[in-house]
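Residue numbers (UniProt numbering), protein chains in the order written: chain A, 1 to 182; chain B, 1 to 190.
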């Protein structure tokens with residue numbers, strides 16, 4: 001379930017715009033920087049269009065985006081497919097009543113929150129982020145949506161790091177990515 | 001140009017149905033993040049696809065065809081409104097972030113908070129001299145963050161054409177902190 005094909009020029013164009021920054025945020029990590037993609041209006045538009053093409057007309061009423069880079073890709077997709085946008089945030093950022101989902105980091109834990117009432121039971125939802133690594137954050141995001149009775153149709157990311165096996169943490173939920181980075 | 005436009009550069013008109021629709025979707029949350037603050041919550045606006053689209057369309061209508069090549073959005077709620085505007089007007093999107101979030105080489109601009117300081121960063125090389133830029137955020141309060149954002153852009157030689165926010169809190173006089181730069185807002189909240 002990946003759009004990465006060696007000969008696909010759109011995907012190739014998108015991948016070529018992603019900058020790898022070594023040793024960020026700490027030694028040994030090759031950070032996948034999407035800000036350079038955002039500097040190219042055509043490549044950014046192509047990225048959004050590939051997701052819109054996949055999800056338009058599929059009765060998806062919710063696009064949930066994970067803070068903060070999911071806020072960049074999620075809203076344009078939501079607007080084009082006619083869905084609401086729901087921000088999933090770090091603790092204490094959302095002002096209203098929230099539900100929280102804890103998840104495990106390499107060292108320690110973190111927490112993702114969603115506003116109560118933002119999503120109704122039975123709604124069909126996407127989860128959007130720039131990248132899937134271990135899948136921990138995406139998994140927490142899916143949990144939030146399922147706890148309020150929504151159906152997570154798919155997780156959508158620009159980049160996947162397949163070596164970190166995040167796909168396996170998604171409880172069988174489909175994952176769609178444009179680019180794989182090994 | 002209408003006298004009203006010259007004076008306030010705001011599109012808030014009591015009878016404008018689009019603006020009214022947008023304003024009606026903004027939720028005010030009392031005492032967040034601390035007692036006495038009436039927080040303007042735009043997440044409820046995002047739950048209404050038509051109102052969210054109307055919001056974007058009002059900005060796009062204003063900025064399309066004006067040779068703007070940069071939309072800079074302030075983390076994190078500026079990331080929600082900035083990219084759709086950038087995509088529609090054919091501009092690049094440049095995220096302005098809290099310290100240590102951007103992975104590459106950055107320039108930083110410090111600014112003053114009610115108590116203490118904070119800092120906004122932009123990637124070196126994201127914006128070139130002479131580019132025409134917008135700064136986008138969900139709300140302008142005191143104007144400190146927007147001011148820092150404008151400084152970052154001007155330091156690399158860009159021209160800040162306008163600051164664009166969904167909401168203004170006019171009582172906090174943020175407009176005056178913008179060094180004469182124009183500010184365009186959809187909704188005023190007193």
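Even glycine gets a Cβ: it sits at the ideal position worked out from N, Cα and C.
- In the pairwise beta carbon analysis, the stretch 82-93 of chain B is classified as not touching the stretch 105-113 of chain B: fewer than three pairs are separated by under 8 Å.
- When C-beta distances to chain B are compared with 8 Å, the residues of the stretch 27-51 of chain A below that value are 31, 33, 35, 38, 39, 40, 41, 44, 45, 48, in chain order.
- In the three-state DSSP reduction, residue 16 (chain A) falls in the helix class (H, G or I).
- Residue 118 (chain A) belongs to the set of residues whose beta carbon lies under 8 Å from a beta carbon in chain B.
- In this structure, the CA atom of residue 60 (chain B) is about 35 Å from the CA atom of residue 148 (chain A).
- Contact with chain B is found for residue 79 (chain A), since one of that chain's Cβ atoms lies less than 8 Å from the residue's Cβ.
- Nearest in C-alpha terms to residue 55 (chain A), of all of A:169, A:156, A:21, is A:156.
- At a cut-off of 8 Å between C-beta atoms, residue 68 (chain B) does not count as an interface residue with respect to chain A.
- Non-local beta-carbon contacts of residue 29 (chain A) in its own chain, meaning distances under 7 Å to residues more than five positions away in sequence, involve 23 in chain order.
- By a beta-carbon distance limit of 8 Å, residue 152 (chain B) contacts residue 120 (chain B). Their separation comes to about 6 Å.
- At a beta-carbon threshold of 9 Å, the residues of chain B lying near residue 83 (chain A) are 49, ordered along the chain.
- Around residue 68 (chain B), the same chain offers 89, 91, 132, 133, 134, 161 as residues with beta carbons nearer than 8 Å, after the five sequence neighbours per side are excluded.
- Take the alpha-carbon of residue 164 (chain A) and the one of residue 32 (chain A): they are about 14 Å apart.
- Bridge partners of residue 122 (chain B) according to DSSP: B:107.
- Residue state for residue 134 (chain B) is assigned as strand, using DSSP reduced to three classes.
- Against chain B, a Cβ distance below 9 Å from residue 72 (chain A) picks out 73, 79, 80, 82, 83, 93, 95.
- Taking one beta carbon from each stretch, the stretch 76-84 of chain A and the stretch 13-27 of chain B have fewer than 3 pairs nearer than 8 Å; the two do not touch.
- With fewer than 16 other CB atoms across the displayed protein chains lying within 10 angstroms of its CB, residue 182 (chain A) is exposed.
- Bridge pairing for residue 27 (chain B): B:41 [DSSP].
- Against chain A, a Cβ distance below 8 Å from residue 126 (chain B) picks out 35, 39.
- In the DSSP assignment, residue 139 (chain A) is bridged to no other residue.
- Residue environment analysis places residue 112 (chain B) among the exposed positions, since fewer than 16 neighbouring C-beta atoms fall within 10 angstroms of its C-beta.
- Restricted to the UniProt domain "Phosphoribosyltransferase" (49-164) of chain A, the alpha helix (DSSP H) segments that are unbroken, complete and at least 4 residues in length are 70-81, 136-147, listed in chain order.
- Listed along chain A are 67, 68, 71, each with a C-beta nearer than 7 Å to that of residue 76 (chain B).
- Excluding the 5 residues flanking it on each side, residue 141 (chain A) has same chain C-beta neighbours closer than 7 Å at 64, 66, 88, 112, 127, in chain order.
- Relative to residue 97 (chain A), the option among B:155, B:158, B:44, B:175 whose CA is nearest is B:44.
- Residue 117 (chain B) is bridged by DSSP to B:112.
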